[in-house]
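Asker:
In the working numbering, the protein residues as written are 307 to 916.
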């Protein structure tokens with residue numbers, strides 16, 4: 307590679323180094339020249355989405371399934387604003403998505419030319435980047451890079467990308483049209499990129515932008531004299547935690563979202579297996595560890611848990627809480643009953659041991675040191691239950707191999723247990739916030755599956771766009787099955803992306819729960835209100851309409867109304883082969899919902915009334 311290359315070539319190589327193969331977005335005149343470089347590269351695929359919001363959702367799903375970077379490209383103003391809801395979800399749930407915005411040239415910005423996609427105000431050219439700043443961990447405005455600056459275009463891009471990967475949060479890059487073909491040094495490509503699982507150097511805790519720090523997750527030191535070397539603090543924290551663990555009689559591990567975001571899932575698994583530790587997951591932590599493992603105790607969400615799960619974990623005298631993110635839906639509306647004095651909470655960039663906080667520590671530094679430290683502690687008997695024993699004890703729900711009632715309605719109490727028997731080990735399972743995400747909470751997932759859901763941000767319709775990104779990532783990983791569960795109301799918001807799934811030729815199962823409207827909203831408030839109604843689509847026409855005349859992958863639709871019909875479909879061997887896009891309309895009774903959702907709706911309604 308020559309010493310000087312186009313900035314766009316530099317960006318292409320950097321994205322490939324980060325493991326990216328699919329890029330999402332919508333073309334616009336300010337980003338078209340950049341897209342030329344993507345299309346001419348043999349590795350990268352420009353996916354092309356129906357709209358920018360869906361593209362942001364797809365980049366989110368892609369990053370979650372690949373456990374790495376997602377990339378979104380939009381145009382200035384109208385395009386980037388349309389994507390912001392999806393970017394906000396990535397910030398809330400710690401998803402590394404790089405948002406590249408094609409912008410007017412630096413010359414036109416300096417002259418304040420009245421261009422299309424501007425606001426007809428003096429501040430038109432920096433207003434949108436300012437809107438994105440609170441939703442980004444880093445912002446690179448290449449229009450402000452000048453020959454007199456201490457940085458180059460490639461350096462500015464690299465800094466934003468590195469922060470995105472290190473913090474597992476979105477980053478924003480403004481790319482003026484005239485910079486695309488600017489010459490930059492290729493030497494920067496020799497510097498390795500950080501990865502979410504790579505611990506940053508000691509003392510280099512990530513900077514935080516205003517408004518982007520969840521107070522229940524990240525902690526800043528307020529002590530101006532707290533200047534002990536981070537290595538010494540980390541060593542001390544490991545000693546404190548190990549002593550606390552050694553003294554415990556009933557230790558457990560609770561795995562939450564950020565264990566996945568920061569790539570420490572394998573370390574946690576090695577820890578629990580080496581030490582024989584009982585472990586549990588939260589709703590946002592489902593699927594990070596093997597839920598068919600004998601040490602798995604169930605899914606814990608405070609008072610919105612199965613009774614045996616709640617009783618067992620809250621009786622523990624030591625809980626290693628890995629990657630905690632205590633949002634309302636993830637904690638049963640803040641009813642986590644683990645006493646603070648028994649909890650050790652490992653976060654990104656901080657650790658809490660009981661009531662003490664150590665803000666210069668990092669989960670990626672602490673966990674690798676805990677593993678050998680815990681191994682030195684005498685081994686302890688652990689509860690090794692078979693799946694049958696867990697079902698009998700009530701820690702998880704059973705699988706139903708046969709329908710209870712051939713002509714019976716498809717109700718949630720039956721559906722999720724039946725679906726669990728159909729899942730395969732390598733499946734990528736996506737659930738929309740609502741009945742589907744709550745329905746699977748007490749169900750143990752397959753051992754090597756990837757579970758994708760948006761518990762915290764909870765943007766309606768997110769799952770359909772995310773399913774596209776998941777399906778492309780699953781295809782890159784060797785053709786894993788992609789299985790989506792979405793309600794009829796949510797489906798309507800982003801249904802266009804089903805056309806992109808067909809266009810890109812990636813098989814997927816799309817289970818649409820037809821229960822005549824917004825069931826989760828009805829449970830919270832307004833069970834008979836008109837605002838929770840929707841116009842019913844003819845779902846059987848969706849694939850023929852969106853798939854077009856020359857689909858890149860075969861498709862077929864099904865409508866099932868009884869347990870017997872669904873059971874027969876799931877038993878069909880041909881149906882289980884992921885070689886088509888399949889839409890399965892599940893006709894379900896209005897008013898029916900999983901027990902977990904009913905409980906959460908009650909908790910939410912009570913909280914909203916305060």
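The beta carbon of each residue, even a glycine, is placed where N, CA and C say it ideally should be.
Between residue 632 and the ligand FMN, is the CB less than 6 Å from at least one heavy atom?
Answerer: By its list of ligands, the structure shown contains no ligand whatsoever, and the ligand FMN lies outside what it can speak to.
Asker: Taking the continuous beta strand (DSSP E) assigned at residue 757, which residues delimit it?
Answerer: Residues 756-759.
Asker: Span of the beta strand (DSSP E) holding residue 590?
Answerer: Here residue 590 belongs to no beta strand (DSSP E), and DSSP marks it neither H nor E.
Asker: Give the secondary structure of residue 625 by DSSP, where H, G and I count as helix, E and B as strand, and everything else as coil.
Answerer: Reduced to three states, the DSSP call for residue 625 is strand.
Asker: I need the boundaries of the beta strand (DSSP E) containing residue 875, first residue and last residue.
Answerer: Premise fails: residue 875 lies in the alpha helix (DSSP H), 869-877, not in any beta strand (DSSP E).
Asker: Let me know if residue 611 comes out buried or exposed under the rule of 16 or more other beta-carbons within 10 Å of its beta-carbon.
Answerer: Buried, since its Cβ has 16 or more Cβ neighbours within 10 Å.
Asker: By how many angstroms is the C-alpha of residue 763 removed from the C-alpha of residue 817?
Answerer: The straight-line gap from Cα to Cα measures roughly 22 Å.
Asker: May I ask you to report which of helix, strand or coil DSSP gives residue 669?
Answerer: Of the three classes helix, strand and coil, the one that applies to residue 669 here is helix, per DSSP.
Asker: Using only the alpha-carbon positions, how far apart do residue 460 and residue 365 sit?
Answerer: Distance between the alpha carbons of residue 460 and residue 365 is about 23 Å.
Asker: From this set, 641, 717 and 540, which residue's C-alpha is nearest residue 896's C-alpha?
Answerer: The residue with the shortest Cα to Cα distance from residue 896 is 717.
Asker: So for residue 833, helix, strand or coil by DSSP?
Answerer: Coil, per DSSP.
Asker: When DSSP labels each residue in this structure, what does residue 716 get in the three-state scheme?
Answerer: Looking at residue 716 - three-state DSSP - the assignment turns out to be coil, as it is neither helix nor strand.
Asker: Helix, strand or coil: how does DSSP classify residue 658 here?
Answerer: It is a strand residue.
Asker: If contacts are defined as beta-carbon pairs under 8 Å, then residue 607 and residue 637 qualify, I think. What distance do you get, rounded to the angstrom?
Answerer: Confirmed, Cβ separation roughly 6 Å.
Asker: Given a threshold of 16 other Cβ atoms within 10 Å of its Cβ, counted over all protein chains shown, does residue 761 qualify as buried or as exposed?
Answerer: With 16 or more other Cβ atoms within 10 Å, it is buried.
Asker: If you compare alpha carbons, which of 747, 337, 329 and 419 is closest to residue 603?
Answerer: The candidate whose alpha carbon is nearest that of residue 603 is 747.
Asker: Taking three-plus beta-carbon pairs below 8 Å as touching, is the stretch 840-851 in contact with the stretch 796-815?
Answerer: The answer is yes - the stretch 796-815 touches the stretch 840-851, with three or more Cβ pairs under 8 Å.
Asker: Return the chain-ordered list of same chain residues with a C-beta closer than 6 Å to the C-beta of residue 594, the five sequence neighbours on each side being excluded.
Answerer: So the list reads 561, 565, 566 and 571, once near-sequence residues are dropped.
Asker: Pick out the complete alpha helix (DSSP H) segments inside the stretch 736-813, 4 residues or longer, and give them in chain order.
Answerer: Those alpha helix (DSSP H) runs which fall completely within the stretch 736-813 and span 4+ residues are 741-745, 768-782, 794-800 and 803-809.
Asker: Does the stretch 732-744 come close enough to the stretch 777-794 to have 3 or more Cβ pairs within less than 8 Å?
Answerer: At 8 Å Cβ cutoff, the stretches touch.
Asker: Kindly provide the ranges of any beta strand (DSSP E) runs that are 3 or more residues long and lie completely inside the stretch 349-428, ordered along the chain.
Answerer: The stretch 349-428 contains these whole beta strand (DSSP E) runs: 376-381 and 403-409.
Asker: If we count Cβ pairs, one from each stretch, closer than 8 Å, do we get three or more for the stretch 886-900 versus the stretch 619-630?
Answerer: In short, these stretches do not touch, since the Cβ pair count stays below three.
Asker: What are the start and end residues of the alpha helix (DSSP H) that includes residue 858?
Answerer: No alpha helix (DSSP H) contains residue 858, which DSSP labels as neither H nor E.
Asker: Take the Cβ of residue 937 as the centre, count every other Cβ of all protein chains shown within 10 Å, and call the residue buried at 16 or more, exposed below.
Answerer: There is no way to answer for residue 937, as the model of the chain reaches only from 307 to 916.
Asker: What distance in whole Å lies between the Cβ atoms of residue 650 and residue 807, which are believed to be in contact at a cut-off of 8 Å?
Answerer: Contact flag wrong, Cβ pair sits at about 42 Å.
Asker: Might you give, ordered along the chain, the residues of its own chain that have their beta carbon closer than 8 Å to the beta carbon of residue 446, omitting 5 neighbours on each side?
Answerer: These residues qualify, in order along the chain: 462, 463, 465, 466, 477, 478, 479 and 480.
Asker: With a threshold of 6 Å on Cβ separation, who are the neighbours of residue 832 within its own chain once the five nearest residues in sequence on each side are excluded?
Answerer: So the list reads 838, once near-sequence residues are dropped.
Asker: Is DSSP giving residue 482 helix, strand or coil here?
Answerer: Strand at residue 482.
Asker: Quick one: Cα of residue 581 to Cα of residue 849, how far?
Answerer: Using only the alpha carbons, I get a separation of about 50 Å.
Asker: When you compare only the Cα positions, how much space is there between residue 653 and residue 712?
Answerer: Computed Cα separation, rounded: 48 Å.
Asker: So, with DSSP's three-state summary, where would you put residue 328?
Answerer: Reduced to three states, the DSSP call for residue 328 is strand.
Asker: Check each candidate in 617, 614 and 573 and name the one with the smallest Cα separation from residue 596.
Answerer: Of the candidates 617, 614 and 573, the one whose C-alpha sits nearest the C-alpha of residue 596 is 573.
Asker: If you compare alpha carbons, which of 430, 568 and 552 is closest to residue 402?
Answerer: Comparing Cα-Cα distances from residue 402 to each of 430, 568 and 552, the minimum goes to 568.
Asker: Starting from residue 443, trace the beta strand (DSSP E) both ways and give me its first and last residue.
Answerer: It is not in any beta strand (DSSP E) - residue 443 carries neither H nor E in the DSSP assignment.
Asker: Run through DSSP, which three-state label would residue 844 get?
Answerer: Residue state, collapsed to three classes: coil.
Asker: Could you pull the start and end residues of the beta strand (DSSP E) that residue 602 belongs to?
Answerer: Where residue 602 is concerned, the enclosing beta strand (DSSP E) stretches over 602-605.
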